[in-house]
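See below:
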């Protein structure tokens with residue numbers, strides 16, 4: 045046995061350590077959720093009897109983060125949860141968020157949502173943001189810098 049053989053073993057072991065390894069890293073879990081599962085998840089969450097205001101706000105924040113308008117079933121369950129914790133302001137803010145989520149398709153989506161959710165809103169004794177005047181700015185004044193407008197009020 046020569047000195048070359050142990051040196052090769054050490055060199056091979058060292059090169060295995062020093063050679064960069066390619067490894068795939070996934071930063072998210074790619075779970076595919078069907079729309080029915082998505083709706084059921086939030087409806088079941090909002091229908092919990094031990095839900096509190098913090099949990100409701102957390103779920104509403106999650107819904108606001110999605111790139112989708114919540115289904116009327118989810119909206120109804122959320123409104124009922126707000127009623128259980130007796131938080132009227134949260135109800136109105138959630139309806140504002142739903143209207144805002146409609147984006148540029150507001151003329152298509154929001155009337156449908158109001159039609160589906162309207163009976164529950166009336167049953168709970170709540171109002172839509174438009175009924176409260178929240179769809180218009182409260183203290184809006186005409187800009188003094190807007191000299192090109194045709195309106196002379």
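In the numbering used here, the protein residues as written are 45 to 197.
Using N, Cα and C, we set each Cβ at its ideal position, and we do this for glycine too.
| query | So, using beta-carbon positions, are residue 129 and residue 97 closer together than 7 Å? | reply | As a first step, residue 129 must be located in the chain shown, where it is residue number 85. As a first step, residue 97 must be located in the chain shown, where it is residue number 53. Their beta carbons are under 7 Å apart, which means residue 129 touches residue 97 by this criterion.
| Do three or more CB pairs link the segment 146-154 to the segment 175-187 at distances below 8 Å? | no
| request: Confirm, please, whether the CB-CB distance from residue 164 to residue 120 is below 7 Å. | output: Looking up residue 120 in the chain shown gives position 76. Looking up residue 164 in the chain shown gives position 120. Taking 7 Å as the Cβ cut-off, residue 120 and residue 164 qualify as a contacting pair.
| task | Classify residue 112 as helix, strand or coil using the three-state DSSP reduction. | result | To locate residue 112, count along the chain shown from 1; it is residue 68. The answer is coil: DSSP assigns residue 112 none of H, G, I, E or B.
| query | Residues in its own chain within less than 6 Å of residue 93 by CB, not counting five upstream and five downstream? | reply | Along the chain shown, read from residue 1 onward, the residue named residue 93 stands at position 49. Hits under 6 Å: none found.
| request: Could you tell me the boundaries of the alpha helix (DSSP H) in which residue 155 lies? | output: Here the question's residue 155 lines up with position 111 in the chain shown. Its alpha helix (DSSP H) spans residues 150-168.
| query | How should residue 88 be labelled, buried or exposed, when 16 other C-beta atoms within 10 angstroms of its C-beta is the threshold for buried? | reply | In the chain shown, counting from the first residue as 1, residue 88 sits at position 44. Exposed is the call here.
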